[in-house]
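**Student:**
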Amino acid sequence: MAGNIKKLVLGFILLGAIGIAPRFLGIISLNMAVELAIGALFAVSLNLLLSYTGLLSFGHALFFGMGAYVMGISITYMDGITLIPAILMGSLAAGLTALIFTPLLVRVTGTAFSMLTMAFGQLMYVLCIKMRGITGGEDGLTLFDMPLLSVPGVFSLDMTDPATLYYTVMGVVLISIGCMWYFTKTPLGGVQAGIRDNAQRVEYLGFHVSASKAVIFIISGTFAGLAGCLAAIFQQVISVDGFLRINVSFMPIMAIMIGGLGHFLGPVIGTIFLMFLNQMAMRYTDKVELVFGIVFIMVVMYAPYGIHGLWVKARIYWGIFRHRKGALGKEERT
Amino acid sequence: MSFILETQDLRHDFKGMKVIRGVDLQIRQGERHAIIGPNGAGKTTLFNLVTGMYRPRHGHILFKGQDVTKLKPYKRNRLGMGRSFQITSLFEHQTVFEHLRLGILSRMGVRYNFFKPMTMVKGLTEEVDAMLARVNLSEYRDQWASLLSYGKSRALEMTLTMATNPDLVLLDEPCAGMSAEETRNAVGLIRELTTGKSMIIVEHDMDVVFSLADRVTVLHYGKILACDTPSEIQKNKDVKDAYLGHGMKKQ
Amino acid sequence: MNPATAMYIIQALHGLAYGMLLFLVASGLTLIFGMVGILNMAHASLFMLSAYLCYQVLAFTNSFWMSLFLAPLITACLGLLLERFFLRKVQAHGLGHIAELLLTMGISMVIAESVKSIWGTESLVISIPPSLDGLASFAGIHYPIYRLFIIGLSFCILALLVTVLYKTKLGKIIRATASDPGMVSILGINTPKVFAGVFALGAWMAGVAGVAAAPMLTVFPGLADQVGMDAFVVVVVGGLGSLLGAFVVSLTLGELNSFGVQFIPKLAPVLVFGFMAIVLSLKPNGFFGEGDH
Amino acid sequence: MKVLNVKGYLFVLTLLMMGLIFCNNCIAFQPLAGDIETFNPSFQYFDEDADDVIKIGLLWPFSGPAAANGAIYWLQIGWAVHDINTQGGVMVDGKQKKIVLIKGDTQMEPAAAKRAAEKLCLQDNVDIIMGSTGSHIAAIGQNVAAKYKKIFVNMASYSDTLMDQDKFNKYTFRTCSTTSMLANGLAHFYANRPEKDFYILCQDYAYGHEFAENFVQALAQVRPDARIVGKDFHPLFVKDFAPYLSKIQGANAQVIITADYTPDSNNLTKQWDQLGMTIPLAGPFVLNPLALQSIGEPYGKGFVTVQSCLLDLDKPGNKEFALAWNTQWKRWKDPLYSTNLFQWTGSTLAQATIGTYWLMHVIEKAGELNPDKIVATWEGDQTIIFGNLYSMRACDHQAMFNMHVSEIEWPNDYYEKSAGPIKVTAIPAEKIVPPPPKGLKNCQ
């Protein structure tokens, strides 16, 4: 119980910090926070598949990009549309894409799953370039005239204002991550964890593994699409390079690995770390990739469960250390 | 008499190697039925055919009078067929409690709900705890399954199978690798859990077989050699040949 | 000769040349996967590194044959070191392919940056060796000798590989280790050594491909990604770990590429990944894949 | 002692006064008048915190897979900045101010580009932003710059649509050519040539398609009897061009028109040679000494190249620049800059140098760094740099200048192991510059 209260207090402090941050941060830091939040949402949506269902997707950018492109296209070609329906269309389209692909994807696991998702992701990438009439090809779609995020007569927010964007994105991301966390606590979330550990056994307990996987896949895809929509609003340019390239799929995997596989908030930690690393590396050297490469190698070699794993290890060692100290103390006293 | 499970001329092969060569098995409602046979007789394959892991090349499987030959395992489970695994098949990163919770969820038919947290599903926690108490696993409630002793994890394996409340239970060598005492406990547990249910058990330990089973089927080279009460089987000459003669010749 | 027939023959040869080059890269990758279960993302980087080494050896000795001998040797040694000091340790973590993926990706990044620091970012000048320059003519068709050389070289290596794997005792050990390392290890064979050897062999083949490709393609820091993606597709579609699959799909991809350009150029960019998506949708483990690793 | 001091003081004062009077004329910088011999692109350091400087942010990929591209622009702009700084700087607000370059690393990724642009605008507080390779990156750059009222000078992105109704803003200028200018220039060159059967082979993405379309259109106007015997768009970064080339051989073309850039152009050239082809390549990037050197004699003789400037080496101004450049690059030892590529002073390697000189002229004319003043001064501005006339179209901020096309020859005086331009045709700007985009307010 005490642990729960501690967590609750910590959560409120964090929430408060996020709330008052714009008072202290400049536009650059604010935008960085926005980018971070979007990256974290994307990574958490992937983590739902990776850490909680044991499926490694190499093509999650597909949903990220789908969300962004559908939102962008609806804004570009539908006059007078406001942001809320556009975002909804974007995320639902991503979910729908997931639904379309699931019949093929649920049949496979392990490496085959990774490869198939990669194939679909790459296929979408080349298709998007090919359909330049709609998608603008490599130039992409520009959303410099960003519509307002508004419900007529109730409120209306200007997404080009950094602070407004910050609060909106933070709100959406926190709620979404909260939803996903909640999801892991529901019966389907339980089934999902079972599938990760032992799909066959779950099947023999009377659960339809493929259908459960499909639902999870669709949920994950929808949130990835939502992250894509937010990224598009933030960047105002939707391009294949920024949304569909294979690197876009790899980044959240890195974030999960670095944050800690198997932990719900691992990807959030990982995203923060990667961003920080990128900034530091860029400040001191042109060889950013070299730094990244070495960090990846170090992580895999010496901290296979990422930062969270290191933290757990540190706590164990700390416990042993305290225990010994306590024992020593007792010995001295006696 | 009504049969809960019936197979009709079941045949199966792996890459041309015939493993099951026409099996007609009949399991009566409420009986404890054992399947024995020398190594390579096709016991496990028959098991996997019945539970739906493989689809037979030929023949039919009737469960409660319904043809389930083409049904997926989860559907057979929902009809009331449960199975345990020879090699303990649990969830590595989950507690004992979470294991049984999954089983009970399935029994309650809560399968796709992602709106209600599990703590708020009515009666779920209570049922799990009751079940834990019944099989004396309460003290391990919040322990990871991968940290249990062998005997306890086998017990969990069987309990998990029973958590979905099946009418027919298929146990695949539940006592393999156990010490004498562990085996005694396991047999007790099986008796306790399968009261009033039908059961098929594959087992090498003849003591277990003859103390548990109402009837015994002997499988040899993918065919049924004999099917009778334990005492009759013990007297059966063909069975003796199959077990001993086979062994003699080899030596 | 009839120009249409000549076109078919020439395009088929183009497809064969590129397909065989691809096979050289992909076979090493699939061999390593089949043996050690590692999807080596740094494989293409070794290929690229070998092309750069070819340039360096050429600069010192001015002999293409010398570089064809030396560069793959260095690459193989590097592969050996990678296996011994990195991959083997990571495999012990038991995190599965995601850890190896991250590790090999890190290695490929380090190789790419090192190459940039040493040789710069511009493309290198590597010409076709004079002895292999020019066109060969037969029945009115003119075809570059160097491309024929690549086809021949690849077939030689394929023959060598098949002989070693299927005709020698060493091959028997290798195949046995791939299917059941535990059993083989009980029989008194040093399985880690076999793994390392196969890894080095795979790296050596990437090295040979790198040297062979250097005069034909452009050697620049993006070469790894350029060829790596295709090799990856080949291995995945052919079935992870299947040498036959890699061979068949390399040739298919090569021919698909050249005849695709000839007849359906508009679909050329979609062809490779479309092919991959379709095959994997129908056969998730690839053409010749066996189950899941 | 006292007397002497006063005298000395007076003397210094007089000198200073005289200096100030002359300054207005003598301090204005001249291209190549500075101490260019001390320039080395690998060793450029700037004091970002210094006062009274002109801060310029460079928005290019300086790390990641496209870092080579950033390095080339770092060199080009660094050249002009070094030249100007060693002359004392640029006269602004009555003072001579030195130029400081600050890198904004886009990593060729939109998100990183936006971050970098914002950092330049808000944290480094630059006066001007230059950029940016990749039209999607340039679009982000010019949008962010306009938001914070900074001048954005596009020196590297050719896409015609970058300055259209949707994307144009008054703080953005383009000093490089557009894709259509290159294509039109090449088409006009073929107006008076014997070849009339063309095969188009371009990259399958916006730039390649834009180039092909414009070329076909312009060719139809100036050469009605010309035929396009085939058209292929290949994916980016093709490994093997042989299938394309064999197809072209079968199509009886006389010229292959290609807008490809590296690495595609290099691969194309090499494999063109391997197949023993004789149909010449023509396009903006076919003159690449590295590729031409690797195919051996006669090093690409007969290819046709189109560039915005600097081809004509007999032209006064141009010649001095080429000479200075060519003595200089051989001194650089960094593998980034020491390859033969850098003997090529064609427009791809020096258009940003020219753009930088031009921008600094404009700033001197404006006399202050106020962006609105710079915009007003630059609109309609005309200047001559290295013997070529550049003018800025007021309504859509597109630079206008002549295109230069040449069939390259070997041997020549300039390149050792590569064909080079000898006889250069200048295509006048009015023939090739596209009309201003429709829908722009200023242009009606």
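If you read the sequences in order, they're chains A, B, C and D. All residue numbers in the first sequence are consecutive under numbering that gives the first Met the number 0, ending with 333. All residue numbers in the second sequence are consecutive under numbering that gives the first Met the number 0, ending with 250. All residue numbers in the third sequence are consecutive under numbering that gives the first Met the number 0, ending with 292. All residue numbers in the fourth sequence are consecutive under numbering that gives the first Met the number 0, ending with 443. Glycine is no exception: its CB is placed at the ideal position from the N, C-alpha and C atoms. Just so we're clear, the structure is a prediction, and the values are computed from it rather than from any experiment.
1) Using the beta-carbon count (16 or more within 10 Å), is C178/A buried or exposed?
2) Around the C-beta of V150/A, are 16 or more other C-beta atoms found within 10 angstroms, so that it is buried, or is it exposed?
3) Listed in chain order, which residues of the segment 79–95 of chain B have Cβ atoms closer than 8 angstroms to some Cβ of chain F?
4) Name the chain D residues whose beta carbon is nearer than 9 angstroms to that of D240/A?
5) Less than 7 angstroms separating the beta-carbons of A118/A and F272/C?
6) Could you check the C-alpha separation between S257/C and F249/A for me, to the nearest Å?
7) So if DSSP puts I98/D in a beta bridge, which residue, or which two residues, is it bridged to?
8) Check whether the Cβ atoms of I232/A and M158/A lie closer than 7 angstroms to each other.
9) For D259/D versus Q202/D, is the C-beta distance shorter than 7 angstroms?
10) Would E288/A count as contacting chain B if we go by Cβ distances under 7 angstroms?
11) Determine the direct distance from the alpha carbon of H262/A to that of L48/A, and round the result to whole angstroms.
12) Taking just the CA atoms, how far does W118/C sit from P71/C?
13) Just checking: is the beta-carbon of F143/A within a distance shorter than 7 angstroms of some beta-carbon in chain D?
14) Determine the contact status of I252/A and G265/A, defining contact as a CB-CB distance below 7 angstroms.
15) Closest to K166/D by CA distance: which of A137/D, P193/D, A252/D, Y189/D is it?
16) Starting from the C-beta of P2/C, find all residues in its chain whose C-beta is less than 6 angstroms away, skip the five residues before and the five after it, and write them out in chain order.
17) Spatial neighbours of H13/C within its chain, please: CB distance less than 7 angstroms, with the 5 preceding and 5 following residues excluded, ordered by chain position.
18) Terminal residues of the continuous alpha helix (DSSP H) containing N68/D?
19) Thinking C-beta only, is P288/D closer than 7 angstroms to A327/D?
20) Would you call Q65/B buried or exposed, if buried means 16 or more other Cβ atoms sit within 10 Å of its Cβ?
21) Determine the closest residue to D239/D out of I256/D, T268/D, V361/D, with distance taken between C-alpha atoms.
22) Hey, does D157/A have any beta-carbon neighbour from chain B nearer than 7 angstroms?
23) Check whether the Cβ of V294/A lies closer than 7 angstroms to any Cβ atom in chain D.
24) Any idea if T118/B is buried or exposed, counting beta-carbon neighbours within 10 angstroms, 16 or more meaning buried?
25) Please list, in chain order, all residues of the same chain as F61/D whose beta carbon is under 6 angstroms from its beta carbon, the five residues on each side excluded.
26) What three-state label does DSSP hand H187/D in the structure shown?
27) How should G275/D be labelled, buried or exposed, when 16 other C-beta atoms within 10 angstroms of its C-beta is the threshold for buried?
28) Would you tell me roughly how many angstroms separate the C-alpha atoms of N46/A and F216/A, rounded to the nearest one?
29) Could you say if the segment 223–230 of chain A and the segment 128–135 of chain B meet the contact criterion of at least three C-beta pairs nearer than 8 angstroms?
30) If F385/D and P30/D are in contact, beta carbons under 8 angstroms, what's the gap, nearest whole angstrom?
31) Where does W143/B fall in DSSP's three states?
32) Assuming V201/B and D227/B form a contact by the criterion Cβ under 8 angstroms, report the distance between their Cβ atoms to the nearest whole angstrom.
33) Is the CB of N441/D under 7 angstroms away from at least one CB in chain A?
34) Kindly indicate which three-state DSSP category Q65/B falls into: helix, strand or coil?
35) Please tell me whether N39/C has its Cβ less than 7 angstroms away from any Cβ of chain A.
36) Taking the beta carbon of E138/B as the centre, do at least 16 other beta carbons fall within 10 Å, making it buried, or is it exposed?
**Tutor:** Reading it off the structure:
1) In the first sequence, the residue the question calls residue 178/A occupies position 179. The residue is exposed, with fewer than 16 neighbouring Cβ atoms inside 10 Å.
2) The residue labelled residue 150/A in the question sits at position 151 within the first sequence. Exposed, since its Cβ has fewer than 16 Cβ neighbours within 10 Å.
3) The structure shown contains no chain F; its protein chains are A, B, C and D.
4) On the first sequence, residue 240/A is found 241 positions in, with the first residue counted as 1. Result: M107, E108, P109, G133, H135, I136.
5) In the first sequence, counting from the first residue as 1, residue 118/A sits at position 119. In the third sequence, counting from the first residue as 1, residue 272/C sits at position 273. Their beta carbons are under 7 angstroms apart, which means A118/A touches F272/C by this criterion.
6) On the third sequence, residue 257/C is found 258 positions in, with the first residue counted as 1. On the first sequence, residue 249/A is found 250 positions in, with the first residue counted as 1. Cα-Cα distance, rounded: 31 angstroms.
7) Along the fourth sequence, one-based indexing puts residue 98/D at 99. The partner list for I98/D (beta bridge, DSSP) reads I53/D.
8) Translated into positions along the first sequence, residue 232/A becomes position 233. Translated into positions along the first sequence, residue 158/A becomes position 159. Going by C-beta atoms, I232/A is nearer than 7 angstroms to M158/A.
9) Position 260 of the fourth sequence, counted from the first residue, corresponds to residue 259/D. Position 203 of the fourth sequence, counted from the first residue, corresponds to residue 202/D. Yes, they are a contact pair.
10) Here the question's residue 288/A lines up with position 289 in the first sequence. Judged by the 7 angstroms Cβ criterion, E288/A is not in contact with chain B.
11) Here residue 48/A refers to the residue found at position 49 of the first sequence. Here residue 262/A refers to the residue found at position 263 of the first sequence. Their Cα atoms are separated by approximately 12 angstroms.
12) As a working note, residue 71/C is residue 72 in the third sequence. As a working note, residue 118/C is residue 119 in the third sequence. Using only the alpha carbons, I get a separation of about 18 angstroms.
13) Position 144 of the first sequence, counting from 1, holds the residue named residue 143/A. Yes, F143/A counts as interfacial toward chain D.
14) Residue mapping note: residue 252/A aligns to position 253 of the first sequence, counting from 1. Residue mapping note: residue 265/A aligns to position 266 of the first sequence, counting from 1. Against a cut-off of 7 angstroms, the Cβ pair of G265/A and I252/A comes out as no contact.
15) Here residue 166/D refers to the residue found at position 167 when the fourth sequence is read from its first residue. Per the Cα distances, A137/D.
16) Translated into positions along the third sequence, residue 2/C becomes position 3. Excluding positions up to five away in sequence, the list is empty.
17) In the third sequence, the residue the question calls residue 13/C occupies position 14. Around H13/C: S257.
18) The residue given as residue 68/D occupies position 69 in the fourth sequence. First-last of the alpha helix (DSSP H) with N68/D: 66–85.
19) Counted from its first residue, the fourth sequence places residue 327/D at position 328. Counted from its first residue, the fourth sequence places residue 288/D at position 289. Correcting the residue type first, residue 327/D is Gln in the shown sequence and not Ala. The answer is no: Cβ separation not under 7 angstroms.
20) Translated into the one-based positions of the second sequence, residue 65/B becomes position 66. Per the 10 Å Cβ criterion, exposed.
21) Counting from 1 along the fourth sequence, the entry for residue 239/D is found at position 240. D239/D has its Cα closest to that of T268/D, out of I256/D, T268/D, V361/D.
22) By one-based count along the first sequence, residue 157/A stands at place 158. With 7 angstroms as the cut-off, D157/A does not count as an interface residue toward chain B.
23) Position 295 of the first sequence holds residue 294/A. No, its Cβ sits nowhere closer than 7 angstroms to a Cβ of chain D.
24) Walking along the second sequence from the start, residue 118/B turns up at place 119. So T118/B counts as exposed.
25) If you number the fourth sequence from 1, residue 61/D lands on position 62. Answer for F61/D: G69, K102, D104, listed in chain order.
26) On the fourth sequence, residue 187/D is found 188 positions in, with the first residue counted as 1. Helix.
27) Along the fourth sequence, one-based indexing puts residue 275/D at 276. Flag for G275/D reads exposed.
28) Translated into the one-based positions of the first sequence, residue 46/A becomes position 47. Translated into the one-based positions of the first sequence, residue 216/A becomes position 217. Each residue's alpha carbon lies about 11 angstroms from the other.
29) no
30) Position 386 of the fourth sequence, counted from the first residue, corresponds to residue 385/D. Position 31 of the fourth sequence, counted from the first residue, corresponds to residue 30/D. That pair is a contact at about 7 angstroms.
31) The count along the second sequence starts at 1 and reaches residue 143/B at position 144. W143/B: strand per DSSP, three-state reduction.
32) In the second sequence, residue 201/B corresponds to position 202, counting from 1. In the second sequence, residue 227/B corresponds to position 228, counting from 1. The pair is not a contact, with the Cβ atoms about 17 angstroms apart (cut-off 8 angstroms).
33) Residue mapping note: residue 441/D aligns to position 442 of the fourth sequence, counting from 1. False, the Cβ-Cβ gap to chain A never drops below 7 angstroms.
34) The residue you call residue 65/B lines up with position 66 of the second sequence. Of the three classes helix, strand and coil, the one that applies to Q65/B here is strand, per DSSP.
35) Position 40 of the third sequence, counted from the first residue, corresponds to residue 39/C. Output row for N39/C: interface = no.
36) By one-based count along the second sequence, residue 138/B stands at place 139. With fewer than 16 Cβ atoms within 10 Å of its Cβ, E138/B is classed as exposed.
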